[in-house]
Amino acid sequence: MTDSSSSSRRFFEHELEEKLDALLFASPSHRSIERLAALLEPLPRRHQDLVLHWAGVAAQTYAEIGYLIATLAPQALERFGPDSNAAFEAWVIAGLDAYDKQGLRPAMEMLRDIDGFVAIRQGRLYAQFAEVEQRLARFVQGLSGRPLAVKAGAYPWTDTETIFLPARIAQFDAAEDNRQLYKSLAVQLWAQTRYGTFAVDLDAELARWPEREQALTWLAHLEAARLEARVARELPGLGTLLAAVRGSWPAEIGAALAELQAPQATVDVSLRWLAKFMAQGTVPPAPTFCGRLDPGIAARVRAERIARDTETLKKTLAVLKGAAGRKPAAPNEFAAQLNSETGEIEVSVDGEAVALPPDAQAAAQSLQQDLGQVPPEALTPAGDGAWTPVDPETVSAPPELKSDRDADYFYDEWDYHRNAYRRGWCHVYEMPVKPGDGAFVHETRQRHAALIAQLKRKFEAVRGEDRILGRQPEGEEIDLDALVEAVNDRRGGAEPSERLFSRRLRNERSLAAMFMVDMSGSTKGWVNDAEREALVMLCEALEKLGDSYAIYGFSGWTRTRCDIYRIKSFADRYDDAVRARIDGIEAKDYTRMGVAIRHLTRLLAAQPARHKLLVTLSDGRPDDFGDEYRGNYGIEDTRRALQEARQQGIRSYCVTIDRHGQDYLKHMMGPAAYTVLDDVKKLPLKVADIYRRLTV
Amino acid sequence: MNTAHVRTITPELESLGTEPYYQPVADEVALFEAAAQKRLPVLLKGPTGCGKTRFVEYMAWKLKRPLVTVACHDDLTTADLVGRYLIVGDETVWLDGPLTAAVRAGAICYLDEIVEARKDTTVVIHPLADTRRALAVDKRGELIPAPPGFMLVISYNPGYQSVLKEIKPSTRQRFVALEFDYPGAEVEAQIVATEGGIDADTAKRLVKLGELTRNLKGAGLDEGASTRLLVHAAQLIGAGMPAATASIAAVARALTDDPDMTQTLDDLVRAVF
Chain A
113 MTDSSSSSRR FFEHELEEKL DALLFASPSH RSIERLAALL EPLPRRHQDL
163 VLHWAGVAAQ TYAEIGYLIA TLAPQALERF GPDSNAAFEA WVIAGLDAYD
213 KQGLRPAMEM LRDIDGFVAI RQGRLYAQFA EVEQRLARFV QGLSGRPLAV
263 KAGAYPWTDT ETIFLPARIA QFDAAEDNRQ LYKSLAVQLW AQTRYGTFAV
313 DLDAELARWP EREQALTWLA HLEAARLEAR VARELPGLGT LLAAVRGSWP
363 AEIGAALAEL QAPQATVDVS LRWLAKFMAQ GTVPPAPTFC GRLDPGIAAR
413 VRAERIARDT ETLKKTLAVL KGAAGRKPAA PNEFAAQLNS ETGEIEVSVD
463 GEAVALPPDA QAAAQSLQQD LGQVPPEALT PAGDGAWTPV DPETVSAPPE
513 LKSDRDADYF YDEWDYHRNA YRRGWCHVYE MPVKPGDGAF VHETRQRHAA
563 LIAQLKRKFE AVRGEDRILG RQPEGEEIDL DALVEAVNDR RGGAEPSERL
613 FSRRLRNERS LAAMFMVDMS GSTKGWVNDA EREALVMLCE ALEKLGDSYA
663 IYGFSGWTRT RCDIYRIKSF ADRYDDAVRA RIDGIEAKDY TRMGVAIRHL
713 TRLLAAQPAR HKLLVTLSDG RPDDFGDEYR GNYGIEDTRR ALQEARQQGI
763 RSYCVTIDRH GQDYLKHMMG PAAYTVLDDV KKLPLKVADI YRRLTV
Chain B
218 MNTAHVRTIT PELESLGTEP YYQPVADEVA LFEAAAQKRL PVLLKGPTGC
268 GKTRFVEYMA WKLKRPLVTV ACHDDLTTAD LVGRYLIVGD ETVWLDGPLT
318 AAVRAGAICY LDEIVEARKD TTVVIHPLAD TRRALAVDKR GELIPAPPGF
368 MLVISYNPGY QSVLKEIKPS TRQRFVALEF DYPGAEVEAQ IVATEGGIDA
418 DTAKRLVKLG ELTRNLKGAG LDEGASTRLL VHAAQLIGAG MPAATASIAA
468 VARALTDDPD MTQTLDDLVR AVF
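For the record, the sequence lines run as chains A and B.
Throughout the first sequence, residue numbering follows my numbering, covering 113 to 808 in sequence.
Throughout the second sequence, residue numbering follows my numbering, covering 218 to 490 in sequence.
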């Protein structure tokens, strides 16, 4: 790659082949060296030298990267334009850098993103994942109807439960176009999970070709074409977006388009064309606009989800069947079948239709998305052989912590395996909060002064007071002033008013609210700050409203040490001591929710107010040290505790920032009794807002 | 006051002349007819805008009875339902409230969103909703037995989130309860097309939009788009508005004030159209 060589003649294909073979012999793709040589032959000699040099350098680090650099070189040199030498060098170095820091795939993605590299080099406007994350997450939630998270990753792909998108996209000049590409990628990846890209064992299919990366890239293109047509049929607006972002299809795809776009096309069509392309040995275009594939991980996640959903459904059916079995003497008939017209599952017990509970419905819907329909085996209730509940006795009991004093209270806990309570199972200790110095509260009040003032005004409007309305056409009392006036009017010959009554508007707010704050270890940091901010703003606003309220924190470590922290009791006034305790709220251990609800229910039930409300602030599902409380056990116990509260006239509401909250909250809290926040920063404002809405 | 001499004003009630459009979803029509025949009061529950009110209108037409609809609000008192004395010029007159008028006429009285009414209204609702079937008009010292044609129908939305507004067990257990939800996609598309006077394809897309917004329930939205909202959008489209503009106005903006959610809903509208 010296200047003198630029005047030398070009290398011919067979010469290049020899050189490349020597450089790249370790690459698994090296048997297609012939094609690569053909690709490089038309380049001027100085570029050929450049490519050979850097491919060689890269191959010493990792042969496959060297091969990729050589493959992409003609495209890259064309894009880099006049300062191609320097840009090419920088491009290779950046790729190797990515390999050192992030590994092979991110490095290959970085190298493939030639336009992105050019854009960043030219200081063009790019879009960042952080700025589109929230909007895309909500959008995908709307599209998908089942949990599908959005996260930053090295390149755009999905494991079928999370969509990963690059931290930065710089393919287009304008930032808005790059944001559209983000959206387009998210849609494609959602479509992969929705329209059966992973419905066949892709890994097995791809095993036929040693050039796995090439095959994956082809498949990504073919699937992009197939899925775009699918999306366009159901969501024409998105079809337009996808088409606009990709521009025209790579020429090679042209022949396959008609078949891929047919309404009944499945991933098999893509695989058939993939075989053709691979046989021809054509090098795939860079996947600039389409979502990539990682079939191995996706297949595993998908299989796990199918197993989970199937189990949920089977268990639910077993419960429904069991409930019927309790009727004495009646030989119960049980049937669960798929209505082929509506696609809905119809369950009947003794000839009567029974509705599926929401979590089972969600599982059925998810199975339908994965498999096209609910498989028959999912409709057989879990029986003795199919599903054995974990015997709680055989689960290794977690170490029991002893305290230096006796517990203040003991509470029962619901064991759904046994369908019975474990008596006096949880030991509750009322613990003091180590007061903080009040700086956090002070700072929050200052920082959010305007917001607090606004909240106060809103709450003031809610506060009802006894008012007497005079001069009403109807009411409990006679409005003497109005009557006297009317009598005088009549005597004077004028038309008397008919509005002669007064009416009392009573303030019917008799409300006590208990706020239960998650102090588990997972709240450390942002969540804890947001919780404290939320409490400060809530207190400020509630003081205006005059509702009676209390705040308690909870945490713990196994059933023998369930700690409840008093931050503000119903009797406490919102004073410096309370503020110092809010300041002192910190992340502790685990989240055994049931017992905390039972204890706080007891405190709340003792209040004289007519309406009682229990609001839980949490960041995740119930959990405790060891396996015992994790999963369904904790959820069922919490659900039970909330039902007990309900029986005592207490309404519950949960505000959570757990993205996966949708999975279990509907079952645990009831459909109308929770809010999932997608952003912890919204917590302070939302809590006060939700409280207002709940109690208007 | 000797109430016998007081002039009484009773509003005239008429039955519906034309058949209201209603698309049955399950066996609700038969159930309602059976309840009417056995003189049982009916409770309709379901999310807002899923067709409860339209169903009652349809049943009133079908049963050929007048319909009195009262939209309950938090200042609605017993007097508002039963009636009140008015002083007109030199004379005291009694004006029958909607409930009294319905009882006298043997009509269907539909109390929409009953949880919104003040608690004291249960005093008059309870005796009408059980075997007594009578309306006590305290102020006149009158007990009006309900004729066979009279039927009490109330509705509420179980998704309603205020703790202060709950229907009490003592009330709800007097009623035959019919549960309503948004209809399935095909039926809903048919309703949207018929009500809005639009083509089947556009109706289908609107229903798809409804489905997408319902996926966001609990994740930023309190409720997804109701059938009513979809019908509104369809009607705007029928009046010549572009589909996306109509959907943004009738669906997206109607569902939320939150700027982030608004943006997402707009995105969903653009996904569909």
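The beta carbon of each residue, even a glycine, is placed where N, CA and C say it ideally should be.
Just so you know, these numbers come straight off a predicted model, no measurement behind them.
Any Cβ of chain A within less than 8 Å of the Cβ of residue 511 of chain B? With chain B covering 218 to 490 only, the question about residue 511 of chain B has no answer from this structure.
Quick one: grab the DSSP three-state call for residue 651 of chain A. What you label residue 651 of chain A is simply residue 539 of the first sequence in a count that begins at 1. Here residue 651 of chain A sits in helix by DSSP.
Would you report the Cα separation of residue 254 of chain A and residue 429 of chain B, rounded to the nearest angstrom? Taking the first residue of the first sequence as 1, we reach residue 254 of chain A at position 142. Taking the first residue of the second sequence as 1, we reach residue 429 of chain B at position 212. If you draw a straight line from the Cα of residue 254 of chain A to the Cα of residue 429 of chain B, it is about 5 Å long.
In this structure, does DSSP put residue 174 of chain A in helix, strand or coil? For the purposes of this step, residue 174 of chain A is taken as residue 62 along the first sequence, with counting starting at 1. If DSSP states are grouped into helix, strand and coil, residue 174 of chain A belongs with coil.
How would you call residue 63 of chain A, buried or exposed, if buried means at least 16 neighbouring beta carbons within 10 angstroms? It is not possible to answer for residue 63 of chain A, since the shown part of chain A is limited to 113 through 808.
Tell whether a beta-carbon distance below 8 Å holds between residue 310 of chain B and residue 370 of chain B. As a first step, residue 310 of chain B is located in the second sequence; it is residue number 93 there, counting from the start. As a first step, residue 370 of chain B is located in the second sequence; it is residue number 153 there, counting from the start. Not in contact: residue 310 of chain B and residue 370 of chain B (Cβ atoms no closer than 8 Å).
In this structure, how does DSSP classify residue 361 of chain A when only helix, strand and coil are distinguished? Counted from its first residue, the first sequence places residue 361 of chain A at position 249. Coil.
Cβ-Cβ distance between residue 299 of chain B and residue 314 of chain B below 8 Å: Against the second sequence, residue 299 of chain B aligns to sequence position 82. Against the second sequence, residue 314 of chain B aligns to sequence position 97. Result yes, Cβ atoms of residue 299 of chain B and residue 314 of chain B sit closer than 8 Å.
Can we say the region 395-415 of chain A touches the region 331-338 of chain A, given the rule of at least three CB pairs closer than 8 Å? yes
Using a cut-off of 7 Å between C-beta atoms, extract the partners of residue 346 of chain A located in chain B. Locating residue 346 of chain A in the first sequence gives position 234, where the first residue counts as 1. 425, listed in chain order.
Can you check whether the CB of residue 435 of chain B is closer than 8 Å to the CB of residue 787 of chain A? Residue 787 of chain A sits at position 675 when you count from the first residue of the first sequence. Residue 435 of chain B sits at position 218 when you count from the first residue of the second sequence. Yes, they are a contact pair.
Please classify residue 392 of chain A as buried or exposed, where buried requires at least 16 other C-beta atoms within 10 Å of its C-beta. Along the first sequence, one-based indexing puts residue 392 of chain A at 280. Per the 10 Å Cβ criterion, exposed.
Closest Cα partner of residue 438 of chain B within the set B/427, B/360, B/487: Here residue 438 of chain B refers to the residue found at position 221 of the second sequence. When each option's Cα is compared against that of residue 438 of chain B, the closest is B/427.
Along the chain, where does the alpha helix (DSSP H) containing residue 354 of chain B start, and where does it finish? Against the second sequence, residue 354 of chain B aligns to sequence position 137. Per DSSP, residue 354 of chain B is not a residue of any alpha helix (DSSP H); the beta strand (DSSP E) it occupies stretches across 351-354.
Beta carbons nearer than 8 Å to chain B: which residues of the region 238-251 of chain A have them? Among the residues of the region 238-251 of chain A, those with a Cβ less than 8 Å away from any Cβ of chain B are 246, 247, 250, 251, in the order of the chain.
Interface partners of residue 304 of chain B on chain A, CB under 7 Å: On the second sequence, position 87 is the one that residue 304 of chain B refers to. Per Cβ cutoff of 7 Å: 610, 612.
Using a Cβ-Cβ cutoff of 9 Å, what residues of the region 298-327 of chain B are near chain A? List them in chain order. 301, 302, 303, 304, 305, 306, 307
What does DSSP give as the partner residues of residue 368 of chain B in its beta bridges? Here residue 368 of chain B refers to the residue found at position 151 of the second sequence. According to DSSP, residue 368 of chain B bridges with B/325.
Are the beta-carbon atoms belonging to residue 346 of chain B and residue 392 of chain B less than 8 Å from one another? Your numbering for residue 346 of chain B matches position 129 in the second sequence. Your numbering for residue 392 of chain B matches position 175 in the second sequence. The beta carbons of residue 346 of chain B and residue 392 of chain B sit closer together than 8 Å.
At 9 Å on the CB atoms, spell out the chain B contacts of residue 586 of chain A, in chain order. In the first sequence, the residue the question calls residue 586 of chain A occupies position 474. Ordered by position in chain B, the residues that pass the 9 Å Cβ test against residue 586 of chain A are 294, 296, 297, 301, 302, 303.
At which residue ranges does the region 527-580 of chain A contain complete alpha helix (DSSP H) runs of 4 or more residues, listed in the order of the chain? Complete alpha helix (DSSP H) runs here, min 4: 551-559, 561-574.
Residues in the region 342-375 of chain A with C-beta within 7 Å of chain B's C-beta atoms, listed in sequence order? Those residues of the region 342-375 of chain A that come within reach of chain B (Cβ to Cβ, closer than 7 Å) are 346, 347, 348, 349, 350.
Please report whether the beta-carbon of residue 473 of chain B lies at a distance below 8 Å from any beta-carbon of chain A. On the second sequence, residue 473 of chain B is found 256 positions in, with the first residue counted as 1. No Cβ of chain A is located within less than 8 Å of the beta carbon of residue 473 of chain B.
Thinking C-alpha only, which one of A/646, A/330, A/544 is nearest residue 696 of chain A? Along the first sequence, one-based indexing puts residue 696 of chain A at 584. For residue 696 of chain A, the nearest C-alpha among the options comes from A/544.
Pick out whichever of B/440, B/450, B/398, B/401 has its Cα sitting closest to the Cα of residue 412 of chain B. Position 195 of the second sequence holds residue 412 of chain B. Of the listed residues, the one whose Cα sits closest to residue 412 of chain B is B/450.
How far does the beta strand (DSSP E) with residue 675 of chain A in it reach, from first residue to last? Position 563 of the first sequence holds residue 675 of chain A. First-last of the beta strand (DSSP E) with residue 675 of chain A: 674-680.
Give the interface partners of residue 430 of chain B over in chain A, defined as CB-CB distance under 9 Å, in chain order. By 1-based counting over the second sequence, the position of residue 430 of chain B is 213. Those are 254, listed as they occur along chain A.
Using a Cβ-Cβ distance under 8 Å, would residue 288 of chain A count as near chain B? Counted from its first residue, the first sequence places residue 288 of chain A at position 176. False, the Cβ-Cβ gap to chain B never drops below 8 Å.
Where residue 585 of chain A sits in the DSSP three-state scheme: As a working note, residue 585 of chain A is residue 473 in the first sequence. Correct three-state label for residue 585 of chain A: coil.
7 Å Cβ cut-off: residues of chain D touching residue 266 of chain B: Judged by its chain identifiers, the structure shown contains no chain D, and its protein chains are A and B.
Would you list, in sequence order, the uninterrupted alpha helix (DSSP H) runs of no fewer than 4 residues that lie entirely inside the region 184-244 of chain A? 196-214, 216-224, 226-233
Residues that residue 257 of chain A contacts on chain B, provided the C-beta gap is smaller than 9 Å: On the first sequence, position 145 is the one that residue 257 of chain A refers to. Chain B residues near residue 257 of chain A: 428, 429, 431, 432.
If you draw a straight line from the alpha carbon of residue 416 of chain B to that of residue 405 of chain B, how long is it in whole angstroms? To locate residue 416 of chain B, count along the second sequence from 1; it is residue 199. To locate residue 405 of chain B, count along the second sequence from 1; it is residue 188. Cα-Cα distance, rounded: 13 Å.
Would you decide whether residue 385 of chain B is buried or exposed? Buried here means 16 or more other CB atoms lie within 10 Å of its CB. For the purposes of this step, residue 385 of chain B is identified with residue 168 of the second sequence, where counting begins at 1. Exposed, by the Cβ-count rule.
Taking only beta-carbon positions, decide if residue 392 of chain A is within less than 8 Å of chain B. Taking the first sequence and counting its residues from 1, one reaches residue 392 of chain A at position 280. No, residue 392 of chain A does not count as interfacial toward chain B.
Proximal residues to residue 735 of chain A (C-beta, below 7 Å), its chain only, five neighbours per side dropped: As a first step, residue 735 of chain A must be located in the first sequence, where it is residue number 623. Contacts found: 702, 703, 741, 742, 746.
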